[in-house]
Structures are given as structure tokens and as C-alpha cells.
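Here's the structure, in C-alpha cells; my notes come after.
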Amino acid sequence: MSDSVVGLGQPETEGGRRTRKNNPEKTREDILQAAIHEFVQQGLAGARVDAIAERTATSKRMIYYYFGSKEQLYCECLVKLYGDIRKTEQSLDLESLPADQAIRRLVEFTFDHHDRNVDFVRIICTENIHYGEYVKQSPAIREMSSLVLEALGNTLRRGVEEGVFRSGIEVIDLHMLMSSFCFYRVSNRHTFGEIFQIDLSDDQVKLRHKAMICDAVLRYIQIGQRP
2 MSDSVVGLGQ
12 PETEGGRRTR
22 KNNPEKTRED
32 ILQAAIHEFV
42 QQGLAGARVD
52 AIAERTATSK
62 RMIYYYFGSK
72 EQLYCECLVK
82 LYGDIRKTEQ
92 SLDLESLPAD
102 QAIRRLVEFT
112 FDHHDRNVDF
122 VRIICTENIH
132 YGEYVKQSPA
142 IREMSSLVLE
152 ALGNTLRRGV
162 EEGVFRSGIE
172 VIDLHMLMSS
182 FCFYRVSNRH
192 TFGEIFQIDL
202 SDDQVKLRHK
212 AMICDAVLRY
222 IQIGQRP
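Counting from 2, one number per residue, gives the positions in the sequence shown under my numbering.
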């Protein structure tokens with residue numbers, strides 16, 4: 002059942018907490034950050050709105066005022082996390098670089114982003130447990146994600162024109178190749194590390210893996226590497 006409250010009025014002081022009527026964007030951002038932490042730690046089913054309120058200067062009532070329900074708050078957390086990575090991808094200025102350097106920059110960014118944003122990886126794992134149910138409810142996530150495919154496709158076309166990339170590469174396949182390795186080494190770092198006795202958080206291991214995925218991606222798309 003949806004954890005929601007219907008018919009709320011304006012946010013107000015509750016339980017000794019002082020609300021921020023004069024800065025709703027800051028309040029909303031604080032709630033999202035606290036909610037991300039709670040969803041990462043407890044999952045969607047186990048997360049409690051009370052616990053999220055305790056992490057902020059807001060009340061449970063105010064959280065419902067801004068987001069309507071726990072499920073909608075979770076969905077907004079997904080939008081924020083995907084939005085953060087997509088905004089940064091757009092700032093990489095790939096168009097100013099030769100195609101092969103642009104691909105390398107995008108791969109390195111993806112690697113570093115996932116490594117530094119474990120909460121992103123963990124909440125996406127949670128969403129996959131739910132079969133992508135809440136991503137389906139957010140056209141914004143699909144729209145944002147189409148931008149990275151567009152940028153990647155433009156870079157591939159430039160590479161073909163520059164004579165460095167082979168033609169016939171599916172953009173979605175290339176995106177999956179790039180993101181899957183970067184995601185897996187974070188999502189499975191504990192089990193993989195324990196089974197094979199390797200510390201995936203070690204700086205030298207990170208450098209080696211980053212170079213490996215960059216080389217693997219470039220060799221996949223460069224002329225002469227595949228028939």
C-alpha cells in the first residue's frame with residue numbers, strides 16, 4: 002500500500018522542527034539527500050519516512066507536502082541521481098575533442114562517477130529488484146538518458162568521418178559496454194573482492210581497471226580491430 006497522506010495544507014512547524022518556507026528548493030534538496038541515504042540503507046520497502054524526517058530539519062508532514070508519498074519520493078530520488086550524472090556528461094565538452102579522445106573522456110568520467118557515487122549504484126540495484134517499476138513511471142529519466150546516447154552517437158559518427166572508428170556500431174551496445182564494467186566493479190565489489198581476494202578500492206587497482214576499460218572500448222570501435 003502506498004505510504005501517503007492526502008489533503009495536506011501548507012507546511013508548518015511540527016514536533017519542534019522549524020520548516021524553511023523561505024527556501025523551498027533547499028528544503029526539497031535536503032529531503033532528497035536524506036531519502037537517498039535511507040533508501041540505499043533500507044531499500045524501498047524498509048525505508049521509513051520518519052527516519053528521513055529525522056535526518057533533516059523538516060517534519061514527516063512536510064515530506065508528504067513536497068512529495069506526496071514514499072514511493073513518489075523514491076522516484077524523485079531516481080530522477081535526481083540520473084539527472085546528476087546526465088548533467089555532468091553534458092558538461093564534458095566532447096565535441097571539442099577528437100573522437101577517440103572524446104570516447105576516452107566519457108569512459109573515464111563514467112568510471113570515476115560510479116566509483117565516487119556508490120549510492121547511485123546501490124539505489125539502481127534496488128530499482129532492478131523492483132524490475133524497473135519506478136523508472137517506468139518517470140519519462141524524465143528516459144528523456145535525460147537519451148541525451149547521452151545522442152552525444153555518443155555523434156562522437157561515433159565523427160570518428161567514422163575522421164577514419165578512426167569502424168562503421169556499423171550500435172550506440173546502445175557501446176553505452177552498455179562502457180557502463181556495465183564501471184557499474185559491476187562497484188555493485189559487486191564486496192562479493193567479487195572476497196571471492197577473488199582483491200581490493201577493488203585500492204588506488205592502483207582502480208588505475209589499472211580504468212585503463213583497461215578505456216582500452217577495451219577503444220579497441221572495440223577502432224578500425225582494424227574487428228572484421
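For each residue, glycine too, the CB sits at the ideal point set by N, CA and C.
- Item | Alpha-carbon to alpha-carbon, P25 and M2 | Within the sequence shown, numbered from 1, the residue matching residue 2 stands at position 1. Within the sequence shown, numbered from 1, the residue matching residue 25 stands at position 24. Residue confidence is low: M2 scores 42 on pLDDT, short of 50, so the model does not pin down where it sits. No coordinate-derived value is stated.
- Item | Burial state of T127 (16 or more Cβ within 10 Å) | Locating residue 127 in the sequence shown gives position 126, where the first residue counts as 1. By the 16-neighbour rule on beta-carbons within 10 angstroms, T127 is buried.
- Query: Are three or more beta carbon pairs between the segment 137-145 and the segment 199-215 nearer than 8 Å?
  - Reply: Taking 8 Å as the limit for Cβ pairs, the verdict is that the segment 199-215 does not touch the segment 137-145.
- Item | 8 Å Cβ shell around R87 - same chain, five flanking residues per side excluded | For the purposes of this step, residue 87 is taken as the residue at position 86 of the sequence shown. Excluding positions up to five away in sequence, the list reads M145, S146, L148 and V149.
- With 16 other CB atoms within 10 Å as the buried threshold, where does M213 fall? Residue numbering aside, residue 213 sits at position 212 when the sequence shown is read from its first letter. Label assigned to M213: exposed.
- Task: Report the rounded CA-to-CA distance for T20 versus L178, giving the unit in angstroms.
- Result: Residue 20 sits at position 19 when you count from the first residue of the sequence shown. Residue 178 sits at position 177 when you count from the first residue of the sequence shown. Unreliable placement is indicated for T20, whose pLDDT of 46 sits below 50; the coordinate value is still reported in the next sentence. If you draw a straight line from the Cα of T20 to the Cα of L178, it is about 45 Å long.
- Starting from Y185, follow the alpha helix (DSSP H) in both directions and report where the run begins and ends. Against the sequence shown, residue 185 aligns to sequence position 184. Counting along the chain, Y185 sits inside the alpha helix (DSSP H) bounded by residues V172 to S188.
- Message: Assess contact between the segment 87-107 and the segment 43-54, defined as three or more Cβ pairs (one per stretch) separated by less than 8 Å. Is contact present?
- Response: No, they do not touch.
- So, using beta-carbon positions, are Q73 and F166 closer together than 8 Å? Translated into positions along the sequence shown, residue 73 becomes position 72. Translated into positions along the sequence shown, residue 166 becomes position 165. No, the Cβ-Cβ distance between Q73 and F166 is not below 8 Å.
- Going by beta carbon distance, what residues of the same chain come within less than 6 Å of A52, once the five residues before and after it are set aside? For this step, residue 52 is matched to residue 51 along the sequence shown. For A52, same chain residues with a beta-carbon under 6 Å away, outside a window of 5 residues either side, are E39 in chain order.
- Item | Top-ranked residue by Cα proximity to I170, from I124, L208 and Y221 | On the sequence shown, residue 170 is found 169 positions in, with the first residue counted as 1. The residue with the shortest Cα to Cα distance from I170 is Y221.
- Message: If the criterion is Cβ atoms closer than 8 Å, does the pair I124 and L82 meet it?
- Response: Residue numbering aside, residue 124 sits at position 123 when the sequence shown is read from its first letter. Residue numbering aside, residue 82 sits at position 81 when the sequence shown is read from its first letter. It is a contact, given that the beta carbons lie within the stated cut-off.
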